[in-house]
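Encoded as C-alpha cells, the structure appears first; notes follow it.
Residue numbers (the numbering used here): 5 to 476.
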C-alpha cells in the first residue's frame, strides 16, 4: 500500500493531521505492530533482557517520542544493531544466561542504569545540536560496524534456532555451526528451520494478496500452532534417534500476565565502573549514529520530501530512552526496517508511530498468554535473517564498488569488532582511514594552503600537497 510522491498534500503531524489522516495512520500503525511484536521480543531475548523489555521500548517510542520529534515517518523501537552492545553490557555485569536467575536480574538492572545515563547523554547531544557530527565518522567504518553486528547476531542466534544455548565468542560460535546442526534439538530445531524458510521465502512471493500479513507475523501464525502441537512448552523429555532431548517453558517466550509486574527500576551502582562508562559511551554514540542515519535514510524516501530536524530527533530519542530504561526497556532508535514498512503501508504522519505503540500496549496487556506460546527458535530464525541482511554479500559488494580504500576500512572494522569489541573495532576502522590519508600524503587536521587577499575583495587560495575530500 505504497503512496504516490506526486500528491499535492503535505501531511503534518499536528492536530489537523491527526484528524485528517487517522485512517491511513491507524492502518499503517497496525501493520507495523504486526512486524514489531516478534522483533521486539526477539531483540530483547537476544540482548539478554526479559522478553517484555523490547515491548516497553516500542511503547515508549510510540507514546512519547511521537510528540517530541518532528520526524513524520520513522518508527521508534529496539533495533538489532544494538543487540551486541546490550548483550555485552549485561554479560560484563555478570549475566549467566539463565544459570543463576538472581545474577541475571541484577545484571539487567545494572544495564538499565547505564541505559538511563546514556539517554541523558543523548539529551545533552540533542540540546547542543551536535547531530551533524555524525558526518565525522567514515561511512565505510559505520557500515563495517553494522555488518559485524550482523555477523555476531547470526553467531549468537543460530544455536537458538537449533534449540541449543551454547556460550562463546562470535568466531567460536560461527565455527561451531556444523556441530549445532548435528546436535540440534529436533523439535525446536524443526520449528526454527520452518520459521527461517518462511521469513526467507516470503520475499519471493510476488502476489500482494498473499503478503497482506507481514512475514514476521505470518511466521508466528504458523510456528506457534506447531509448537503447541509438538509440545515444545511441556516440561519433560523425548527420545529421537536414540538420543534424549529436553522440552519445557525455557523454549518459549515468557512475559508476565500483569504488565505492571514487569516494570523494573534501574540500579545505578554500576554507572561509574569501567563497564558502566564503556557501555554508556557505546549506547550513546552507536545509538545516536544509527538513529540519525536511519532518520536521514527515511527522509530520503519520504514521498513528500519532508526533512527531520536531526538534533530534535536525537533529543526526543534521548528523552524516550531515559524513560524506557527507567521502567525496564531496551535502548531505542529510529528503526529503518519498520520505518520503511511504515511508508509502504501508507502512513502519512508521525501518529502511525503512536498507533503502533498503542497496539503493542493493548496486545501485551490483554493477551500475554498467547505471546507466551511463541517458540524461541522461531524468534531466532527472524533474527538470523535480520543479521544476514546487515552483513549480506550485497553489502560487501556495495562497499567494494565505492573503492578499494573504502573496502579496506569496511573489512578492517569488521575484523576489529570480531577480534575485540564494538568501540575498539570502530576505532580501528577510523585509524585505518587516517593511515590511508597519511600514506597518500594528506594532512589530517590542517589544510596546507596559503590565502592571499586580493584588491577586489576576493581571495586567491594556493593549495600544497595532497588534498583529500572526506569526512575529516
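Just so it is clear, CB atoms sit at the ideal spot from N, CA and C, and this is done for glycine as well. Keep in mind the model is a prediction, meaning the values are calculated, not measured.
Query raised in the report: Span of the beta strand (DSSP E) holding residue 457?
Result: Mapped onto the chain shown, residue 457 falls at position 453. Counting along the chain, the beta strand (DSSP E) containing residue 457 begins and ends at 453-457.
Query raised in the report: Roughly how many angstroms separate the alpha carbons of residue 336 and residue 61, rounded to a whole number?
Result: Position 332 of the chain shown, counted from the first residue, corresponds to residue 336. Position 57 of the chain shown, counted from the first residue, corresponds to residue 61. Computed Cα separation, rounded: 6 Å.
Report task. Would you tell me roughly how many angstroms separate the C-alpha atoms of residue 79 and residue 287, rounded to the nearest one? Result -> Counting from 1 along the chain shown, the entry for residue 79 is found at position 75. Counting from 1 along the chain shown, the entry for residue 287 is found at position 283. Going by the C-alpha atoms only, they are around 19 Å apart.
Requested in this report: Could you name the residues of the same chain whose beta carbon sits closer than 8 Å to that of residue 127, not counting the 5 residues immediately before and after it, in chain order?
Outcome: As a working mapping, residue 127 is identified with position 123 in the chain shown. Apart from sequence neighbours up to five positions away, the residues of its chain that approach residue 127 with a beta-carbon distance below 8 Å are 319, 322, 323, 326, ordered along the chain.
Query raised in the report: Helix, strand or coil for residue 77 per DSSP?
Result: Translated into the one-based positions of the chain shown, residue 77 becomes position 73. Reduced to three states, the DSSP call for residue 77 is coil.
Query raised in the report: residue 392 to residue 46, Cα distance in whole Å?
Result: Mapped onto the chain shown, residue 392 falls at position 388. Mapped onto the chain shown, residue 46 falls at position 42. The straight-line gap from Cα to Cα measures roughly 15 Å.
Query raised in the report: So what's residue 182 in DSSP terms, helix, strand or just coil?
Result: Sequence index remark: in the chain shown, residue 182 carries index 178 (1-based). In the structure shown, residue 182 sits in a helix (DSSP, three-state: H, G or I).
Requested in this report: Report the rounded CA-to-CA distance for residue 408 versus residue 466, giving the unit in angstroms.
Outcome: The residue labelled residue 408 in the question sits at position 404 within the chain shown. The residue labelled residue 466 in the question sits at position 462 within the chain shown. In this structure, the straight-line span from the alpha carbon of residue 408 to that of residue 466 is close to 30 Å.
Query - the segment 346-353 contacting the segment 133-152, beta-carbon criterion three pairs below 8 Å - result: Contact between the segment 346-353 and the segment 133-152 is absent: fewer than three C-beta pairs spanning the two stretches fall below 8 Å.
Requested in this report: Using three-state DSSP, classify residue 463 as helix, strand or coil.
Outcome: Position 459 of the chain shown, counting from 1, holds the residue named residue 463. It is a strand residue.
Query raised in the report: With 16 other CB atoms within 10 Å as the buried threshold, where does residue 20 fall?
Result: For this step, residue 20 is matched to residue 16 along the chain shown. Result: exposed.
Query raised in the report: Cα separation between residue 183 and residue 328?
Result: Stepping through the chain shown from its first residue, residue 183 is reached at position 179. Stepping through the chain shown from its first residue, residue 328 is reached at position 324. Using only the alpha carbons, I get a separation of about 39 Å.
Requested in this report: Tell me whether residue 443 is buried or exposed, calling it buried when 16 or more other Cβ atoms sit within 10 Å of its Cβ.
Outcome: Indexing the chain shown from 1 puts residue 443 at position 439. Exposed.
Query raised in the report: Given residue 308, which residues of its chain have a CB within under 6 Å of its CB, disregarding the five upstream and five downstream residues?
Result: Locating residue 308 in the chain shown gives position 304, counting from the first residue. Take residue 308, set aside five residues on each side of it, and the residues of its chain with a beta-carbon closer than 6 Å to its own are 14, in chain order.
Query raised in the report: Run through DSSP, which three-state label would residue 399 get?
Result: As a working mapping, residue 399 is identified with position 395 in the chain shown. Note: residue 399 maps to helix in three-state DSSP.
Query - Helix, strand or coil at residue 16 according to DSSP, with G and I counted as helix - result: As a first step, residue 16 must be located in the chain shown, where it is residue number 12. Coil at residue 16, not helix or strand.
Query - Selection from 129, 230, 100, 69 that minimises the alpha carbon distance to residue 53 - result: Position 49 of the chain shown, counting from 1, holds the residue named residue 53. Considering only alpha carbons, the answer is 100.
Requested in this report: Leaving out five residues on either side along the sequence, give the residues of the same chain with a beta carbon under 8 Å from the beta carbon of residue 483.
Outcome: The question about residue 483 has no answer, for the chain in this structure spans 5 to 476.
Query raised in the report: Around the Cβ of residue 437, are there at least 16 other Cβ atoms within 10 angstroms (buried) or fewer (exposed)?
Result: In the chain shown, residue 437 corresponds to position 433, counting from 1. Buried is the call here.
Requested in this report: Return yes when the Cβ of residue 29 is within less than 8 Å of the Cβ of residue 353, no when it is not.
Outcome: As a position in the chain shown, residue 353 is number 349, starting the count at 1. As a position in the chain shown, residue 29 is number 25, starting the count at 1. It is a contact, given that the beta carbons lie within the stated cut-off.
Query raised in the report: On the premise that residue 199 lies in contact with residue 381, defined as a C-beta separation below 8 Å, what is that separation, rounded to the nearest angstrom?
Result: Stepping through the chain shown from its first residue, residue 381 is reached at position 377. Stepping through the chain shown from its first residue, residue 199 is reached at position 195. For residue 381 against residue 199, the beta-carbon gap comes to about 7 Å, under 8 Å, which counts as contact.
Query raised in the report: What's the C-alpha gap between residue 464 and residue 455?
Result: Here residue 464 refers to the residue found at position 460 when the chain shown is read from its first residue. Here residue 455 refers to the residue found at position 451 when the chain shown is read from its first residue. One C-alpha to the other measures close to 6 Å.
**Report entry** Sheet register partners of residue 250 (DSSP bridge)
**Finding:** Taking the chain shown and counting its residues from 1, one reaches residue 250 at position 246. The partner list for residue 250 (beta bridge, DSSP) reads 241.
Query raised in the report: How about residue 236 and residue 299: are their beta carbons less than 8 Å apart?
Result: Along the chain shown, read from residue 1 onward, the residue named residue 236 stands at position 232. Along the chain shown, read from residue 1 onward, the residue named residue 299 stands at position 295. No.
Requested in this report: Starting from residue 337, follow its DSSP beta bridges and name the residues at the other end.
Outcome: As a position in the chain shown, residue 337 is number 333, starting the count at 1. The partner list for residue 337 (beta bridge, DSSP) reads 81.
**Report entry** Nonlocal neighbours in the same chain, by C-beta distance under 7 Å from residue 93, ignoring five residues either side
**Finding:** Indexing the chain shown from 1 puts residue 93 at position 89. Cβ neighbours of residue 93 beyond the five flanking positions: 115, 118, 283.
Query raised in the report: Among the residues of its own chain, which have a CB less than 7 Å from the CB of residue 230, if the five just before and after it don't count?
Result: Within the chain shown, numbered from 1, the residue matching residue 230 stands at position 226. Listed in chain order, the non-local C-beta contacts of residue 230 below 7 Å within the same chain comprise 195, 198, local neighbours out to five positions each way being set aside.
Requested in this report: Could you check the C-alpha separation between residue 344 and residue 248 for me, to the nearest Å?
Outcome: Numbered from 1 along the chain shown, position 340 holds the residue referred to as residue 344. Numbered from 1 along the chain shown, position 244 holds the residue referred to as residue 248. If I take the Cα positions, the gap works out to 44 Å.
Query raised in the report: How is residue 379 classed by DSSP in three states: helix, strand or coil?
Result: Translated into positions along the chain shown, residue 379 becomes position 375. Shown here, residue 379 sits in a strand according to DSSP, grouped into three states.
Query - Per-residue DSSP class, three states only, for residue 131 - result: As a working mapping, residue 131 is identified with position 127 in the chain shown. Helix, per DSSP.
Requested in this report: State the DSSP-derived secondary structure class of residue 168, mapped to helix, strand or coil.
Outcome: Here residue 168 is taken as the residue at index 164 of the chain shown, counted from 1. In the three-state reduction of the DSSP assignment, residue 168 falls in the coil class, being assigned neither a helical nor a strand state.
Query raised in the report: Are the segment 162-179 and the segment 359-370 touching by the rule of at least three beta carbon pairs closer than 8 Å?
Result: They do not touch, by the three-pair rule.
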